[in-house]
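Structure first, commentary second.
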Amino acid sequence: QKEVEQDPGPLSVPEGAIVSLNCTYSNSAFQYFMWYRQYSRKGPELLMYTYSSGNKEDGRFTAQVDKSSKYISLFIRDSQPSDSATYLCAMSTGGGATNKLIFGTGTLLAVQP
Amino acid sequence: NAGVTQTPKFRILKIGQSMTLQCTQDMNHNYMYWYRQDPGMGLKLIYYSVGAGITDKGEVPNGYNVSRSTTEDFPLRLELAAPSQTSVYFCASRKGTSGRAWETQYFGPGTRLLVL
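These protein sequence lines map, in sequence, to chains A and B. Numbering (the numbering used here) for the first sequence: 29 to 141. Numbering (the numbering used here) for the second sequence: 8 to 123.
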């Protein structure tokens, strides 16, 4: 079983739709949860991070962590064509350099105008 | 600030050839990382460094070597290229403030490598 599982998509939605992106994980020691966005032929960039369980909102984006279910989500409200990208979840057990990020495989999102 | 820069952008290698992928950051970051990204496989950590002169293996280090002689540079060396090393390689860095796993990792634009 992979440590982090992510539905690869592709996911195609119309502009304005609410998008839900999800990851599941098996390592209960993960405490830090991040979402990276990667545009085509570019490097990933950090979108949001969350520590432990709970919700975090930033504009149209909401990150949600449910540690009891080992499940994290990223919601995008009022999706825009500029949101079309691959979204990668990433997790870590701690803060030092030896606590490395474990990435999901990424979900490709296309928002149709 | 240029951030994290990588050269070359694209390279074709023959089996058995060697090459060095260059990575430079101008943000005075302590931690630097090399990842490879294969279709459907996500990002896998190859090597990382917590400072000049200190490197350590990640998840998939076989076939690669690194060095870190300065804070800014973290080159990745492929000694005997194999088709399995066909991938997109990303270098990343973060400040390395103690205890902050959520510190942003800044990624370079990537190097696409094709081994034939």
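Idealized CB from N, CA, C, for every residue including glycine. Being a predicted model, the structure only gives us computed values, none of them experimental.
Let's test the definition: count the other Cβ atoms within 10 Å of the Cβ of B/Phe17 and tell me whether it reaches 16, buried, or not, exposed. exposed
Could you tell me which residues DSSP puts in a beta bridge with B/Pro82? Answer by DSSP bridge pairing: none, since B/Pro82 is not bridged.
Check for me: the beta strand (DSSP E) holding A/Thr52 runs from which residue to which? Val47 to Tyr53
Could you compute how far the alpha carbon of A/Lys128 sits from the alpha carbon of A/Ala45? 34 Å
Give the residues of chain B in contact with A/Phe131, contact being defined as C-beta atoms less than 7 Å apart. Gly49 and Leu50
Are the CB atoms of B/Val57 and B/Tyr38 nearer to each other than 8 Å? yes
Is the Cβ-Cβ distance between B/Ala59 and B/Ser76 less than 8 Å? yes
B/Leu20 versus A/Gln92: straight-line alpha-carbon distance, rounded: 43 Å
Between which two residues does the beta strand (DSSP E) holding A/Val32 run? Val32 to Gln34
Can you give, in chain order, each stretch of the beta strand (DSSP E) that sits fully within the region 19 to 51 of chain B and has at least 3 residues? 26 to 32 and 38 to 45
Say whether chain B places a C-beta atom closer than 8 Å to the C-beta of A/Ala73. Residue 73 of chain A is actually Glu in this sequence, not Ala. Answer yes: the Cβ-Cβ gap between A/Glu73 and chain B drops below 8 Å somewhere.
Can you pull the chain B neighbours of A/Leu116, defined as C-beta to C-beta under 8 Å? Gly49 and Leu50
Would you call the region 106 to 120 of chain A in contact with the region 42 to 57 of chain A, where contact means no fewer than 3 C-beta pairs closer than 8 Å? yes
Tell me B/Glu66's beta-bridge partners as DSSP assigns them. Bridge partners of B/Glu66: none, in fact.
Taking CB distances under 8 Å as the criterion, tell me whether A/Pro36 reaches chain B. yes
With a threshold of 8 Å between beta-carbons, can A/Gly134 be considered close to chain B, or not? yes
What's the call for A/Thr114, buried or exposed, on a 16-neighbour Cβ count within 10 Å? buried
Indicate whether B/Ala89 and B/Gln24 have their beta-carbon atoms separated by less than 8 Å. no
Using a beta-carbon distance below 8 Å, is B/Thr111 in contact with chain A? yes
If you measure from the beta carbon of B/Pro82 to each beta carbon in chain A, is any gap under 8 Å? no
Separation of B/Ile22 from A/Glu73, as counted between CA atoms: 32 Å
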